[in-house]
Structure formats: structure tokens, C-alpha cells
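Residue numbers (full-length UniProt numbering): 1 to 404.
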């Protein structure tokens, strides 16, 4: 990777950190577990931004915390697309696809940006004559890209004869732990949903050297668990208190996890981690509107004239499905501080990291891109991790406004 591409990637990764945290603050207001891919959503919105004009473009740019430099943005996302690739040790795939109504006129410049900067494949479909068949085709592509982990991204009725274009991003990750848990040591133990409510879950155990930090300002601990190949990492933030998740979340803005990963002390840690699985479906229209991204959802004010000269294009829906499973073997997924950090000085000291209460998880690539992000408040049976795509559905209702 060239020096300029590396710089562009770092700028976008930094923007992604800020955007992901802002979005998480909104999503965490809902009960239950949260799991999503900031990267997947950002790629789709950034691609839509390339065809946006005026206030619509400004709001997307501000919402994503992106610099006002189109070339830098294109270079940054292109570098991310190229950097997130499988190796012999793990599977990491990210793909973009643009589906257009076969009679819909798309601006050539947008087509070129989608293809060259975002590596997006393009396909014409018959939304007007066969919306249900088009839905099946798109769902099949998503299933294939996520190794059958994300099914039915588009439900019945989501695609209509008014649909003009659909932008899709799919992300899939499957990796084995560098230090795998011994299944024979997995046992039933309590997980504290609240200070007074517990649930018996499968707890995995291992004692190895991991990246470890104690964050006194956050009243929490941080653990970095590498996958084979050292190109992907799971970062776990664990509050010291059983009911400390909310208090810890309030201070997340004061830390940079990518930076803390580099500063983590490599020490012997006794890890206890639940085996879990999360599947989520998130409607992102309202959260994005809360972040100030509003015009693109309004048939009267959305301006996507960079995509097509046809009047009335607007975004009708942004949805993401995500999936993660964590077990003894690894994970599968279809997202400068003023901290007081205490370093252990004794080489024989063994830290304890017992994940028996609500916690935060992050999946990072070695390039510093946070691909998955979430909070685990309740543990269900088994788990896998996969993330799938945010979608922008472009349609044209009877009043001639078009949904994106």
C-alpha cells in the first residue's frame, strides 16, 4: 500500500471510530444485545454520498464524520476494501453490489466511482416487471457473500416496481483463535444479567498471554484476543462492576481503542468467556436521522442527481442484519487518551479476566479498521459472527419520487 493510500485509510478509520461511537450511543438505548458493523454501513452511505449533491451530500458527510475531500474519501474506502482480505489463516470478505432497474438511467461518473473506488459489481434487474424475482436474486447474493449466515435481508414487499436502485455491502469474517479454548474445560457457570439476576451459560476457560490493560477512569479492563495470523483481533471491554456497563459506556468518547490495543501489556491472563451467539436486524433510518442525516430520506428535498438525472430519488430504507458466534475454536461473523493505565511489573503475575457480566466487544483488523461493534447484555446458546450489509433502496413511488 502506498504512503498516500495508508494515510487515506487512517483518516477514514479515524472517522469510522467517531461515527461508530455516535451510532452506538443511539442503538444502545434499545433493550437487549447490540451488534452491528459500522464499516458495512459506512461503505454504503459513502457510496451514496458520491452521487449526492447539496444539503444531502453535506449531511451524509457530517454524519459519517468524513473530511470534505472527495478524492481522499474515495482513496480511503478503496484502501479499506483492498485491505480487508482473506489470508490462509482466516476468512475476511467485504463486497459491494449495485443493482439497478434495467430501464433506469445511471450517470456514468457514478458507475465508474462505484466500480473503481468501491470495487462494486453492477447488475441490471427487472424491478418493474419482476420485483419478487429481483428480491430473490439480491437475497441470494447476500447469502453467498456471508456464507449463508445472513438470510432474507430483503423481506417480502421491500422491493416494489418503484424501486430503481439498491446498494448493498456484505461483510463476512471467520477466524480461529490464536490460542484456542479447550472444550473439555467449558462448564456451566452464572452470567450476571443484572446484579440480582443470573443465567447459567457455557463458560470457556484459558490461561495464556494476552494484551491486557486496566482502565481506572472507565473502571474497566481491556483484553485483546488475536486470531491466527495476527491480522484480526477481538477487543473486550469489561466493567469492574456487575452493573457497570452503562457508566462505562458514558466515558467511551474519552478513549481510542485502536491506540489502547497498541499500548496493552502482554501478560498472563486467566480468561473466562461465555460461548455466545447474536443475530440482529436494525432499521437505521431513525438513528441516522438523529445524527443529522435527514434530507436523503425526504422525497421533496433529497438530491441524488449525481446518480441519475431522474427527479425524486430518495432513500426509503437502510437496514442491516448482523450475526456473530463465539466459541472455543474462534469466531464467525457474516464493526491520545487521558486514561490512567496500570502496568503489571511481575512476570509471574496472572491477571483474571472473568466475563460474567454485560460487556463490549469490538473486532478490529490489523489496519485499525473496526469492522464489528457491540454490547452483550444477555448470553444465548451458541454463537457466530458475521455481518451483513446496510442497504439503500432506490425506488420511484407513484408521485415520481424515487427511493434510494
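For each residue, glycine too, the CB sits at the ideal point set by N, CA and C. If you're wondering where the values come from, they're calculated on a predicted model, not measured in any experiment.
- Fewer than three beta-carbon pairs drawn from the region 138 to 157 and the region 76 to 86 are found closer than 8 Å, and the two stretches are therefore not classed as touching.
- In this model, residue 353 and residue 163 are separated by some 50 Å (Cα to Cα).
- Residue pairing of residue 121 in beta bridges, as defined by DSSP: 97.
- For residue 263, the three-state secondary structure derived from DSSP is helix.
- A direct Cα-Cα distance of roughly 24 Å separates residue 321 from residue 273.
- For residue 362, the enclosing beta strand (DSSP E) has its first and last residue at 359 to 365.
- Less than 8 Å separates the beta-carbon of residue 368 from that of residue 10.
- In its own chain, leaving out the 5 sequence neighbours on each side, no residue places its CB closer than 7 Å to the CB of residue 82.
- With contacts defined by Cβ atoms closer than 8 Å, residue 101 and residue 50 do not form a contacting pair.
- Straight through space, the alpha carbons of residue 172 and residue 146 are spaced by roughly 5 Å.
- One alpha carbon belongs to residue 203, the other to residue 148, and they sit about 27 Å apart.
- Going by beta carbons, residue 269 and residue 237 fall outside the 8 Å limit.
- The region 236 to 253 makes no contact with the region 280 to 289: fewer than 3 CB pairs, one atom from each, lie closer than 8 Å.
- Its chain contains 13, 16, 17, 20, 38, 39, 257, 258, 335, 362, 363 and 364 as the residues whose beta carbon lies nearer than 8 Å to that of residue 370, once the 5 sequence neighbours on both sides are disregarded; these appear in chain order.
- Taking the C-beta atoms as reference points, residue 275 is found nearer than 8 Å to residue 186.
- Every alpha helix (DSSP H) stretch that sits fully inside the region 128 to 192 and reaches 4 residues is listed by chain position as 131 to 145.
- About 10 Å separates the Cβ atoms of residue 136 and residue 125, ruling out a contact at the 8 Å cut-off.
- Here residue 379 has 191, 199, 201, 274 and 276 as same chain residues with Cβ atoms under 7 Å from its own Cβ, once five neighbours each way along the sequence are excluded.
- C-alpha of residue 32 to C-alpha of residue 2: approximately 42 Å in a straight line.
- If you look at residue 194, you'll find it isn't in any beta strand (DSSP E); DSSP assigns it neither H nor E.
- Going by DSSP, residue 374 is part of the beta strand (DSSP E) stretching over 370 to 376.
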